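Participant:
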Amino acid sequence: MIRTEHLTKRFGKLLAVDDLNLEVERGEVFGFLGPNGAGKTTTMRMLAALIAPTSGAAWINGKRIGQDDESVRASVGLLTENPGLYPRLNAGENLSFFAKLHGVQDITGQVRKYLALLGLWERRTEAVGGFSKGMQQKLAIARALLHEPPVLFLDEPTSALDPEASRVVRDFIATLKSEGRTIFICTHNLDEADRLCDRVAVIKQRLIRVDAPETLRQGLYGQSVRVQLREKAPAYLARVRELPFVTEVFETAEGFRVALNEPENHNPELIQALVAAGAAIQFVERESHSLEQVYFDLLRESETEA
Amino acid sequence: MNRKRLQAVVAKEWLDMRKNKMVLIMMALLPLLMVGMIVGTVYFMERLPDAEFDPETGDSGMGLPPELEALGYKDGVIILLNDQYMFYLLLIPLALPVYVAAYSIIGEKETRSLEPLLATPISTTELLLGKIIAASAPAVILTWLSFVLTAFGLYIISNPTVFAYWMRPVWSLSMAFQTPFLAVLSTACGVIASSRLNDPRAAQQVTAIFIVPLIGLSLIVLMGKVYLDLRIMGWATLLIAATTAGVVWLAVKLFQRETILTRWK
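Same order as they appear, the protein sequences are chains A and B. Going by the working numbering, 224 is the number at position 224 of the first sequence; the sequence numbering is gapless. Going by the working numbering, 459 is the number at position 153 of the second sequence; the sequence numbering is gapless.
(1) When you compare only the Cα positions, how much space is there between R239 (chain A) and H188 (chain A)?
(2) Measure from the C-beta of P372 (chain B) to each C-beta in chain A and report whether the shortest distance is under 7 angstroms.
(3) Between the region 125-139 of chain A and the region 159-174 of chain A, do three or more beta carbon pairs fall short of 8 angstroms?
(4) Quick check on P422 (chain B): buried or exposed, where buried means 16 or more other Cβ atoms within 10 Å of its Cβ?
(5) Apart from the five residues just before and just after M392 (chain B), which ones in its own chain have a Cβ nearer than 6 angstroms to its Cβ?
(6) Is there a C-beta anywhere in chain A that falls below 7 angstroms from the one on S581 (chain B)?
(7) K318 (chain B): which of A:E292, A:A277 and A:S96 sits nearest, CA to CA?
(8) Can you tell which of A:A233, A:L120, A:T108 and A:N261 has the C-alpha that lies nearest to the C-alpha of A253 (chain A)?
(9) Against chain A, with Cβ distances strictly below 7 angstroms, would E416 (chain B) count as a contact?
(10) Relative to the C-alpha of V72 (chain A), which candidate in A:T80, A:W59 and A:P83 has its C-alpha closest?
(11) Under 6 angstroms Cβ to Cβ from L424 (chain B), same chain only, skipping five residues before and after it: list those, please.
(12) Quick check: L78 (chain A) and F153 (chain A), are their CB atoms within less than 7 angstroms of each other?
(13) Please report how far the alpha carbon of S178 (chain A) lies from the alpha carbon of G27 (chain A), in whole angstroms.
(14) Taking G56 (chain A) and Q205 (chain A) to be in contact with their CB atoms under 8 angstroms, please state how far apart those CB atoms are, rounded to whole angstroms.
(15) With 7 angstroms set as the bound, which would you pick, yes or no: does the beta-carbon of I428 (chain B) sit closer than that to a beta-carbon of chain A?
(16) When you compare only the Cα positions, how much space is there between G62 (chain A) and M1 (chain A)?
(17) Run the CB neighbour count on V111 (chain A), radius 10 Å, all protein chains shown included, and call it buried at 16 or more, exposed below.
(18) Find the residues of chain A that neighbour N326 (chain B), judging by a C-beta separation of less than 8 angstroms, and give them in chain order.
(19) Once DSSP output is grouped into helix, strand and coil, what is the label at G459 (chain B)?
(20) Take I439 (chain B) and list the residues in its own chain whose beta-carbon comes closer than 6 angstroms to its own, dropping the five residues that flank it on each side.
(21) Find out if the Cβ-Cβ distance for the pair P337 (chain B), L448 (chain B) is shorter than 7 angstroms.
(22) Check the Cβ of E564 (chain B) against every Cβ in chain A and list those closer than 8 angstroms, keeping chain order.
(23) Since E352 (chain B) sits in a beta bridge, which residues does DSSP pair it with?
(24) Name the DSSP beta bridge partners of A127 (chain A), please?
(25) Once DSSP output is grouped into helix, strand and coil, what is the label at N36 (chain A)?
(26) What residue range is occupied by the uninterrupted alpha helix (DSSP H) comprising F172 (chain A)?
(27) Going straight from the alpha carbon of D19 (chain A) to that of T42 (chain A), what length do you get?
(28) For I51 (chain A), collect the residues of the same chain with a Cβ closer than 6 angstroms to its Cβ; drop the 5 residues on either side in sequence, then sort them by chain order.
(29) Candidates A:Y221, A:A160 and A:P53: which alpha carbon is nearest G12 (chain A)'s?
(30) By DSSP, does I65 (chain A) sit in helix, in strand, or in coil?
(31) With distances taken from CA atoms, which of A:A49, A:I271 and A:C186 is nearest I428 (chain B)?
(32) Can you pull the chain A residues whose beta carbon is under 7 angstroms from the beta carbon of K318 (chain B), in chain order?
(33) As an exercise, report each continuous beta strand (DSSP E) stretch of at least 3 residues that is fully enclosed by the region 227-274 of chain A, in chain order.
(34) Out of curiosity, what's the CA-to-CA distance linking T426 (chain B) and E303 (chain A)?
(35) Give the residues of chain B in contact with F11 (chain A), contact being defined as C-beta atoms less than 7 angstroms apart.
(36) If you drop the 5 nearest sequence neighbours on each side, which residues of the same chain put their C-beta closer than 7 angstroms to that of Y295 (chain A)?
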């Protein structure tokens, strides 16, 4: 649904995006992560046919950017970082204008559908300048969907929203995914990316890594369990190290962190071995790494390589 | 060119304009003041004694072109002044739309609505033409309305000779043909300025370039050096039309989506 080949963008001497190769499948929620100035918004603007690549190529829904931009824009819904609404116009008027530009056939029906879906129908006649940030963001999402695009680009969809509004927007994105739309999200909210995205890409001008969040975690840290003991003893550590399925053991304040390939299969044997050695086990839990940790480690790794 | 998208831009601009009371007041104010000034001045001049207009005895000090000498000084001077005032009416299509144009283009920057707008299938030509029509049309209508109101006022207060001269085709044709070109010229200047500059005030200043030659021509007429006839105004209309076409072409060429998106902060 979205494909880029060696996509590169320069602004004068500034290299904004460098040799980006990506492929996003139909119906996938794809997270685009990176620090400020990493080229996320520039990439999104290129993919939405708003700015032209310096070199390389990209296709949206089979249409090549730079050759059929009008069709590309018709297949894409864009939520910009700022809602960018007309403050003196009311919600219905804002949406109707964009529906006309997209050549929507049933303008009244589509406007009603999305205003109702996003809980704004009752406020449709109010000037949007008086809307809260959450309401404006919801209206901007409605605007991006009016022409039923198969691909959605969402730039920071929940930035500056309160937790309640963020949740509404996240739930709505999940609904859109269930409709089979391809959703490309630029975000700094790594927890949100972890919850919503099938795959994430970390970029800093160049693509650093792209994969499912869980695969990224396993690739970086493997699988491990945390064992908390009532009392620590060197004998317990030695016993754990003897176990053939254990790849690594780290001592922690309360016990050990044990790296092993198949925790589901080997945890019972690990517990039995510790109990047999006389250890009093308080807790055994799968160790989880946040996407934030993955993100920072990937960025650090890429800086070291550079 | 997609007509529906063009219409959508025009309709949205007018809707936005209708909801902005300040813009409406500012737009109506200038033409009203112009009409009031013209009709009021002629009213008082009509009541002055003839001797006041004689260059040897009165204060006017104005010479008359040969075409008006047969009328006598009073009527001649009033006709010359009326010609001068018509230039002022022609300033309306220059002054009004640039205010709206600068607002409509740079307003997109302020509301950050340009990016979602450019993400739709609208072309640059459709967008700019829509903005230009939306900003120019009210100014054209207000100018024509001012001309009709002035005509009505002069019909009531001035003598038939002065009115007949004033109603000669030079002005009605100039108003009909020059007003739309001047309005479009002014709007296109506002578009160029707002595409290249970040400051709406700068956009409004640009049309001053076109106001200067208009005022210069009006002063030459006032001094009695030139008597406006269809030939002069025909050439002036052609010159304005050619300049307008060039400026509109330039406006579309200079409106670089990418530069505007990445430079407007």
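Note that beta-carbon positions come from the ideal geometry of N, C-alpha and C, so glycine has one too. Note that the coordinates shown come from a computational prediction; the quantities given were computed from them, not determined experimentally.
Facilitator: This is what the structure gives:
(1) As a working note, residue 239 (chain A) is residue 239 in the first sequence. As a working note, residue 188 (chain A) is residue 188 in the first sequence. Cα-Cα distance, rounded: 43 angstroms.
(2) In the second sequence, counting from the first residue as 1, residue 372 (chain B) sits at position 66. Cβ-Cβ to chain A under 7 angstroms: no for P372 (chain B).
(3) yes
(4) Residue 422 (chain B) sits at position 116 when you count from the first residue of the second sequence. Counting Cβ neighbours within 10 Å, P422 (chain B) comes out buried, since at least 16 surround it.
(5) As a working mapping, residue 392 (chain B) is identified with position 86 in the second sequence. Answer for M392 (chain B): W477, listed in chain order.
(6) Here chain B covers residues 307 to 571 and nothing more, so residue 581 (chain B) does not appear.
(7) Taking the first residue of the second sequence as position 1, residue 318 (chain B) is located at position 12. When only C-alpha atoms are compared, the closest one is A:S96.
(8) Translated into the one-based positions of the first sequence, residue 253 (chain A) becomes position 253. Residue A:A233 is the option with its Cα nearest to A253 (chain A).
(9) For the purposes of this step, residue 416 (chain B) is identified with residue 110 of the second sequence, where counting begins at 1. Not an interface residue.
(10) The count along the first sequence starts at 1 and reaches residue 72 (chain A) at position 72. For the residues A:T80, A:W59 and A:P83, the minimum Cα distance to V72 (chain A) belongs to A:W59.
(11) On the second sequence, position 118 is the one that residue 424 (chain B) refers to. Cβ neighbours of L424 (chain B) beyond the five flanking positions: R563.
(12) Locating residue 78 (chain A) in the first sequence gives position 78, where the first residue counts as 1. Locating residue 153 (chain A) in the first sequence gives position 153, where the first residue counts as 1. The answer is yes: Cβ separation under 7 angstroms.
(13) Along the first sequence, one-based indexing puts residue 178 (chain A) at 178. Along the first sequence, one-based indexing puts residue 27 (chain A) at 27. When rounded, the distance between both Cα atoms is 8 angstroms.
(14) For this step, residue 56 (chain A) is matched to residue 56 along the first sequence. For this step, residue 205 (chain A) is matched to residue 205 along the first sequence. No, G56 (chain A) and Q205 (chain A) are not in contact; Cβ-Cβ is about 13 angstroms, not under 8 angstroms.
(15) Here the question's residue 428 (chain B) lines up with position 122 in the second sequence. Yes, its Cβ sits closer than 7 angstroms to a Cβ of chain A.
(16) Counting from one through the first sequence, the residue named residue 62 (chain A) turns up at place 62. Counting from one through the first sequence, the residue named residue 1 (chain A) turns up at place 1. Cα to Cα, G62 (chain A) sits roughly 7 angstroms from M1 (chain A).
(17) The sequence position of residue 111 (chain A) within the first sequence is 111, counting from 1. So V111 (chain A) ends up on the buried side.
(18) Position 20 of the second sequence, counted from the first residue, corresponds to residue 326 (chain B). Simply R88.
(19) Taking the second sequence and counting its residues from 1, one reaches residue 459 (chain B) at position 153. Here G459 (chain B) sits in helix by DSSP.
(20) Taking the second sequence and counting its residues from 1, one reaches residue 439 (chain B) at position 133. So the qualifying residues of the chain are V316.
(21) Sequence index remark: in the second sequence, residue 337 (chain B) carries index 31 (1-based). Sequence index remark: in the second sequence, residue 448 (chain B) carries index 142 (1-based). Result yes, Cβ atoms of P337 (chain B) and L448 (chain B) sit closer than 7 angstroms.
(22) One-based indexing of the second sequence puts residue 564 (chain B) at position 258. Per Cβ cutoff of 8 angstroms: L50, I51 and A52.
(23) Here the question's residue 352 (chain B) lines up with position 46 in the second sequence. In the DSSP output, where bridge partners are listed per residue, E352 (chain B) has none listed.
(24) Mapped onto the first sequence, residue 127 (chain A) falls at position 127. According to DSSP, which records beta bridges pairwise, A127 (chain A) is partnered with A:N90.
(25) Sequence index remark: in the first sequence, residue 36 (chain A) carries index 36 (1-based). Three-state DSSP puts N36 (chain A) in coil, outside helix and strand.
(26) Your numbering for residue 172 (chain A) matches position 172 in the first sequence. Here the alpha helix (DSSP H) through F172 (chain A) covers P163 to S178.
(27) Taking the first sequence and counting its residues from 1, one reaches residue 19 (chain A) at position 19. Taking the first sequence and counting its residues from 1, one reaches residue 42 (chain A) at position 42. Going by the C-alpha atoms only, they are around 13 angstroms apart.
(28) Locating residue 51 (chain A) in the first sequence gives position 51, counting from the first residue. Closer than 6 angstroms at Cβ, skipping near neighbours: R45.
(29) Counting from 1 along the first sequence, the entry for residue 12 (chain A) is found at position 12. Considering only alpha carbons, the answer is A:P53.
(30) By 1-based counting over the first sequence, the position of residue 65 (chain A) is 65. Three-state result, I65 (chain A): coil.
(31) One-based indexing of the second sequence puts residue 428 (chain B) at position 122. Answer by Cα proximity: A:A49.
(32) Here residue 318 (chain B) is taken as the residue at index 12 of the second sequence, counted from 1. Simply F97.
(33) 246-251 and 255-260
(34) The residue given as residue 426 (chain B) occupies position 120 in the second sequence. The residue given as residue 303 (chain A) occupies position 303 in the first sequence. Computed Cα separation, rounded: 38 angstroms.
(35) For the purposes of this step, residue 11 (chain A) is identified with residue 11 of the first sequence, where counting begins at 1. Those are T568, listed as they occur along chain B.
(36) Translated into positions along the first sequence, residue 295 (chain A) becomes position 295. Excluding sequence neighbours, Y295 (chain A) sits near L33, L190 and V202.
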